[in-house]
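Remarks on the structure that follows.
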Amino acid sequence: MPAAYPFSAIVGQDEMKLALLIAATDPGIGGVMVFGDRGTGKSTAVRALAALLPPLRAVMGCRYHCDPKADAGRCAGDCGALTGETETIPTPVVDLPLGATEDRVVGALDLERALTRGEKRFEPGLLARAHRGFLYIDEVNLLEDHLVDLLLDVAASGENVVEREGLSVRHPARFVLIGSGNPEEGELRPQLLDRFGLSVEVRTPTELDERVEVVRRRDAFDRDPQAFGAKWAGADAEVGDRIVAARALLGAIEVPTSVLKAGSRLCMAIGSDGLRGELTVMRAARALAALDAAGVVAESHVRQIAPMALRHRLRRNPLDEAGSTVRIERAMSELFDA
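Quick note on this note's numbering: the sequence shown kicks off at 251 and runs consecutively.
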């Protein structure tokens, strides 16, 4: 298997990298939607992040690689019939192709076993493979709406339920959903976009030196992946250790009432529908505080994550032609700087 490009070697795209770190720290945030031009490192960043995460301990032989330490949330079928031995596996990164059928995604009857042995056996799909890892969908705005609905429902519940062809299967499917797309090729429905926790925008670099550095590093990686990876191994190890420490600290992070009020005031000022935006602001700010090894969420954390947590939840204002990011930053300036 080819080596992944080092996460620390990615030039620029700081907001995208931060969003991925936050989602890796707290998968319950709801995943990340990345909008931007082709060739800006979207899929490279996802695979790079997964490669530096610590390996997972799983029940040996379980098709859903369940966590042996979990008291709840393990599959009802495979784990119960196994010996209890464990194995170490890398963090899964599963690509969902645009042409995938629903059976390929959720799983279906194992036809070969049914025809040769007369047994009904469930063949897990891509959701099972992505359990405890990342599910990456390139050009998610071109994916069929019913599949997007299904994916978001499973991502929110952490469980895949299949009822078909005489089968009734329920298995865990907790993953970080990463979607990417080019807005010029089609928009994602607002009610679906709202279900993603964070949204970031990536652009082709406009600075000459930055573009040259991207080309230089990519060429060095393509020529000798091992040597290039070794050069960045120390920096990647620090990022991995930072995520592990943040996960351990996350449950102890305090979120003051003043910070909650600041998030709510901001959501009210920009006209965010519902409370999902405020919940995401709180969770993302808490994850960022954990990454910063801070014991308490501060207003600065809210200001840093607010654009990525809220820009995709704004209603269009025909009287305001400013972009969503500009509107959020303007609202923060009016609320917080005052």
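The beta-carbon is built from N, C-alpha and C at its ideal position, and this holds for glycine as well.
Among the options, nearest to residue i - alpha-carbon criterion
i      : options                           : result
Leu346 : Arg313, His421, Met310 and Glu394 : Glu394
Gly490 : Val261, Val462 and Leu270         : Leu270
Leu401 : Gly280, Arg533, Leu302 and Ala259 : Gly280
Leu560 : Leu443, Gly311 and Arg466         : Leu443
Asp486 : Thr294, Arg467, Ala301 and Gly286 : Ala301
Gly521 : Leu564, Leu510, Pro374 and Gly278 : Leu564
Val494 : Ala519, Thr454 and Asp542         : Asp542
Glu409 : Ala378, Arg307 and Ile387         : Ala378
Thr338 : Arg420, Pro318, Glu434 and Glu579 : Pro318
Glu639 : Ile578, Cys312, Val398 and Arg420 : Outside the shown range of the chain, which is 251 to 588, sits residue 639, and nothing can be said about it.
Thr385 : His396, Ala537, Ala274 and Arg492 : It should be noted that the sequence gives Leu, not Thr, for residue 385. Of His396, Ala537, Ala274 and Arg492, the residue nearest in Cα terms is Ala274.
Ala308 : Ala295, Phe471 and Pro342         : Pro342
Val344 : Ala423, Arg468 and Trp482         : Ala423
Ile503 : Arg453, Ala544, Thr336 and Arg467 : Ala544
Ser258 : Arg467, Gly501 and Arg553         : Arg467
Val452 : Ala350, Gly262 and Gly286         : Gly286
Thr294 : Ile260, Leu438, Ala496 and Leu529 : Ile260
Glu579 : Glu460, Cys517 and Asn432         : Cys517
Ala405 : Leu427, Ile387 and Arg354         : Leu427
Tyr255 : Ala556, Arg445, Gln476 and Leu525 : Gln476
Pro340 : Ala540, Ala483 and Ala298         : Ala298
Enclosing alpha helix (DSSP H) for residue i [first to last residue]
i      : result
Ser583 : Premise fails: Ser583 is in no alpha helix (DSSP H) and is neither H nor E.
Val465 : Leu458 to Arg473
Asp264 : Asp264 to Thr275
Val531 : Arg526 to Leu541
Thr294 : Lys292 to Leu302
Exposure of residue i, with buried meaning 16 or more beta-carbon neighbours within 10 Å
i      : result
Ala253 : exposed
Val284 : buried
Ala572 : Residue confidence is low: Ala572 scores 45 on pLDDT, short of 50, so the model does not pin down where it sits. Its coordinate-derived value is still stated next. Exposed, because fewer than 16 other Cβ atoms sit within 10 Å of the Cβ of Ala572.
Leu499 : buried
Asp264 : exposed
Ser583 : exposed
Arg288 : exposed
Met251 : With a pLDDT of 48 at Met251, under the threshold of 50, the predicted position of this residue should be treated as unreliable, though the coordinate-derived value follows. Under this definition Met251 is an exposed residue.
Ala512 : buried
Thr290 : buried
Gly527 : buried
Leu376 : buried
Lys233 : Beyond the ends of the chain as shown, which are 251 and 588, falls residue 233; an answer cannot be given.
Met558 : buried
Asp523 : exposed
Leu458 : exposed
Val412 : buried
Ala581 : buried
Leu569 : Its pLDDT being 45, under 50, Leu569 is placed unreliably by the model, and nothing is read from it.
Val462 : exposed
Pro305 : exposed
Glu335 : exposed
Ala534 : buried
Pro506 : exposed
DSSP beta-bridge partners of residue i
i      : result
Met283 : Gly429 and Ser449
Arg307 : Thr338
Glu504 : Val546
Val509 : Val509 is not bridged to any residue.
First through last residue of the beta strand (DSSP E) which encompasses residue i
i      : result
Val344 : Val343 to Asp345
Quiz item: Unbroken alpha helix (DSSP H) runs of length 4 or more, entirely within the region 383 to 437: which are they?
Solution: Runs found: 395 to 407.
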